[in-house]
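Residue numbers are given in the numbering used here: position 105 of the sequence shown equals residue 342, and the series is strictly consecutive.
Cβ coordinates follow ideal geometry from the N, Cα and C atoms, glycine included.
Notes for the one structure printed next.
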Amino acid sequence: MTKKERYQFIINYFLHHAPNAETELIYDNPFQLLVAVILSAQCTDKRVNLTTPAIFEQYPDAETMQKASFDELFPFIKSISYPNNKTKHLIGMANMLVEKFNGQVPMTVEELVRLPGVGRKTANVITSVIDQQPNMAVDTHVFRVSARIGLTANATTPLAAEKQLIKNLPPEYVHKAHHWLILHGRYICTARNPKCSECGIKTACKFPVVK
238 MTKKERYQFI
248 INYFLHHAPN
258 AETELIYDNP
268 FQLLVAVILS
278 AQCTDKRVNL
288 TTPAIFEQYP
298 DAETMQKASF
308 DELFPFIKSI
318 SYPNNKTKHL
328 IGMANMLVEK
338 FNGQVPMTVE
348 ELVRLPGVGR
358 KTANVITSVI
368 DQQPNMAVDT
378 HVFRVSARIG
388 LTANATTPLA
398 AEKQLIKNLP
408 PEYVHKAHHW
418 LILHGRYICT
428 ARNPKCSECG
438 IKTACKFPVV
448 K
């Protein structure tokens with residue numbers, strides 16, 4: 238199977254089996270998604286979704302979060318990983334949104350990465366989920382799955398994997414492929430004991446356990 242054939246096989250499979258794949262983070266607007274994605278670093282979406290309703294009720298937008306003190310916001314996210322840093326990041330992010338972007342979440346990667354707590358992966362998530370831009374966020378699931386099934390080769394960093402995926406995926410499917418790979422890695426192609434017997438794409442996979 239050539240690389241082109243492999244990519245097409247994967248695309249066809251997920252278009253049929255997961256045509257409406259989307260983020261499992263719960264949000265109502267770009268600001269809420271940005272908060273949720275910042276909190277999700279090194280943390281499960283399930284835990285984030287248990288935490289964010291109270292945050293969104295108290296701080297529905299950048300203007301209200303900007304006014305929060307560390308001691309006021311921290312209790313809302315103390316159950317999340319790295320709560321000290323994330324509390325500071327959220328307040329700093331809200332401040333910059335108000336001061337530089339009129340309280341609105343910008344929709345370019347270059348602008349988003351200027352915000353405290355926002356790296357390239359987070360910026361790619363926001364622009365692809367909200368605006369369906371052809372940007373690929375490479376988290377641990379995307380990195381692992383894309384390597385195992387042969388979509389990437391010898392990619393030693395998330396950025397290297399991102400570049401290979403963007404190069405080979407049709408632009409109209411990039412924002413969908415992000416979710417396909419994450420969800421496949423979360424529930425089927427797990428880091429330990431992958432469920433190869435349940436995998437619908439194992440015939441195109443290069444991972445040795447599959448055979």
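- Residue burial is scored here from C-beta neighbours: Ala-390 has fewer than 16 other C-beta atoms within 10 angstroms and is therefore classed as exposed.
- Excluding residues up to 5 positions away in sequence, Leu-262, Tyr-264, Ile-363, Val-366, Ile-367 lie with their Cβ nearer than 7 Å to the Cβ of Leu-270 in the same chain.
- Residue burial annotation: Gly-354 is buried, with at least 16 other C-beta atoms found within 10 angstroms of its C-beta.
- Distance from the CA of His-415 to the CA of His-254, rounded to the nearest whole angstrom, comes to 15 Å.
- In this model, Lys-315 and Glu-347 are separated by some 30 Å (Cα to Cα).
- The count of Cβ pairs closer than 8 Å, one atom from the stretch 368–377 and one from the stretch 394–411, reaches three, so the stretches are in contact.
- Contact between Ile-425 and Glu-435 holds, since their C-beta atoms are separated by about 6 Å, short of 8 Å.
- Going by DSSP, Glu-294 is part of the alpha helix (DSSP H) stretching over 282–295.
- The C-beta distance from Ile-328 to Val-285 rounds to 18 Å, too long to meet the 8 Å contact threshold.
- The three-state reading of DSSP puts Lys-443 in coil, since its state is none of H, G, I, E or B.
- DSSP places Val-355 outside both helix and strand once states are collapsed to three, so it counts as coil.
- Around the C-beta of Gln-279, fewer than 16 other C-beta atoms lie within 10 Å, and the residue is accordingly described as exposed.
- Excluding five sequence positions before and after Leu-287, none of the CB atoms of its chain fall closer than 7 Å to its own CB.
- The beta carbon of Ile-292 lies closer than 6 Å to those of Phe-313 in the same chain, with the five residues before and after it left out.
- For Asn-332, the enclosing alpha helix (DSSP H) stretches over residues 320–338.
- The C-beta distance from Arg-243 to Ala-441 rounds to 5 Å, short enough to fall under 8 Å.
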